[in-house]
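If you count by this note's numbering, then the sequence shown holds residues 933 to 1369, one letter each, in order.
Ideal Cβ placement from N, Cα and C applies to all residues, glycine included.
Please read these numbers as outputs of a predicted model, since none were measured by experiment.
The next block holds one structure in the form of structure tokens; read it before the comments.
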Amino acid sequence: MLVPKSFPDDLRCCQGRDSQKQRKFTWAKKYQPKALKDFICHREIAEKVETLVTVGDAKHVIIDGFPGIGKRTMALALLRENFGLDILETREQVQALDLESVLKRGLTSSIQITVQASAKHIEVDLSESDIRGYATEVALLIIKETHNALTKQPPLQHNLENAKAIVFHQAEKLSKNAQPQIRRFLENSKGQYKVIFCCSDICKLQILTPLCRVIHLPPPPNKEIVGVLNFIAKQEDIELPHTLAQTIAENSNHCLRQAIRSLEATWLADYPFNEGQSIMTGWEDELAIMAKSIIEEQSLNMLFLVRKKFIRLMEHHICREFVLGTLVAELKKHVLDSQTQLDLESLYQEISKPNEDFSAELSYKDEVVGNRIRKLSRFSFATIEVDPHGTKHYLFPLTEFVAKFMSYYKIKRVQSVSSLTGANATHQKQCSQKGPS
């Protein structure tokens, strides 16, 4: 089966009118700090970066931290400090690149990529599907073209106000073999352009690290997250009890983006806040849509869509147990027969076991169903990349659960249709034997 060229960020395309019922969460973007002086989380780091800009630090930059920690926010704030408000005028562009000069493998000589760009900078996400397996070649070519265009001009004496910047997101995608060539360009940049590498695993950029100013963004403490929540509540004219803000911060697992989403979802669900307030995550609707999609379609395409959603949930630090439990509860709403509900619960209990070998056999009565489940499970393992941040402990169980349930439910539906067809055929045969009365 062919895998689609690209997948949407969520499952809305599979849901038609249901997608219109999804809430839009806007506060995280609305209250994203634009300038270094506006940071509440990572304030001390932002102040140090501001000082570096003031003294004219011209080094290239690596911003390191877990997904969703605020690397892009810090990078853009840094560039605004250098270039001014022009950097705000960012627009999406499709850029064609001729890879022939850097490509040493494959048949592709050109590629179209989607970038965010302004008059002063260009941003490239090296994990985007349109870049696919050419992340290193794309990055190398963009640096090379920028280098050749700017270094032909008279020296700017490290005047970053007249220079340009390149921001690479997911920079850990850069191959180790190509980094020496990238390093040579950086060594000869003459202050005429600045490259910012945003990554979640700085160990993969060891060759470039000596040339760069490293900014590490640690998970923010709950105190800083509460400060951001209080700031947003004040701007939105919301009375936010300290205990509720503290609980939301604790539940976010040090993920500011998720804490803001949780506050907005809780406010949308029930305000004014009351004692014993139920705290929402903001993902309940999307998990309900995911369950409905799984019931409607059991395919490899759907498995990839679901997996992509799981990655988003992981980046927001949403507890795996919450995701699995909520998904099972939503699936049960669409499954009416008692045996399927029992099998669903059995699968849930099996996946939920601590330190479970998720490729282990399940005790389904139907041996054919069990074999099909295990076959699809092995395939799902082969399609999942494992990263050093424990992704497999999050993605493996969740994707494994969906793969097994899809296979089980699809066979269940086929068996049901076959039984119904057989019953109709038997009935028609009996009627024909009786003849007209």
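Please work out which residues of its chain come closer than 6 Å, Cβ to Cβ, to ILE1157, disregarding the five sequence neighbours upstream and downstream, and give them in chain order.
ALA1181, LEU1188 and ALA1191
If you reduce the DSSP assignment to three classes, tell me which class GLU1229 lands in.
coil
DSSP three-state assignment for TYR1340, whether helix, strand or coil
helix
Is TYR1341 buried or exposed, if buried means 16 or more other CB atoms sit within 10 Å of its CB?
buried
With DSSP collapsed to three states, give me the class of LEU1237.
helix
With a cut-off of 8 Å, do at least 3 Cβ pairs link the segment 969–981 to the segment 1100–1112?
no
Got a sec? Which residues, its chain only, sit under 6 Å from ILE1283 by beta carbon, not counting five neighbours each side?
PRO1329 and PHE1333
Under 8 Å between the Cβ atoms of ILE1170 and VAL1127?
no
Assign HIS1186 to one of three DSSP states: helix, strand, or coil.
coil
Does the distance from the CB of ARG1004 to the CB of LYS966 come in under 8 Å?
no
DSSP state of GLU1216 mapped onto helix, strand, coil:
helix
Quick one: what does DSSP say TYR1066 is sitting in, helix, strand or coil?
coil
Starting from the Cα of ILE1226, find the closest Cα among VAL1260, GLY1214 and HIS1248 and give me that residue.
VAL1260
Sort out for me which residues DSSP pairs PHE1129 with in a bridge.
ILE994 and PHE1100
Can you say whether GLY1016 is buried or exposed, counting buried as having 16 or more other CB atoms within 10 angstroms of its CB?
exposed
From LEU1149, ASN1206, PRO1151 and PRO1150, residue whose alpha carbon lies closest to that of ALA1177:
ASN1206
Which runs of the alpha helix (DSSP H) at least 4 residues long sit entirely within the segment 954–1033? Give them in chain order.
959–962, 975–986 and 1003–1015
Taking all protein chains shown into account, decide if THR1419 is buried (16 or more other Cβ within 10 angstroms of its Cβ) or exposed.
The question about residue 1419 has no answer here: the residues shown for the chain are numbered 933 through 1369.
Rounded to the nearest angstrom, what separates THR1141 and ILE995 at their Cα positions?
11 Å
Comparing alpha-carbon positions, which option in ILE1043, HIS992, VAL1255 and ILE1054 lies nearest ILE1019?
ILE1054
CA nearest to the CA of LYS1105, picked from LEU1143, CYS1131 and ILE1139:
CYS1131
Taking the alpha-carbon positions, what's the TYR963 to GLU1196 distance?
12 Å
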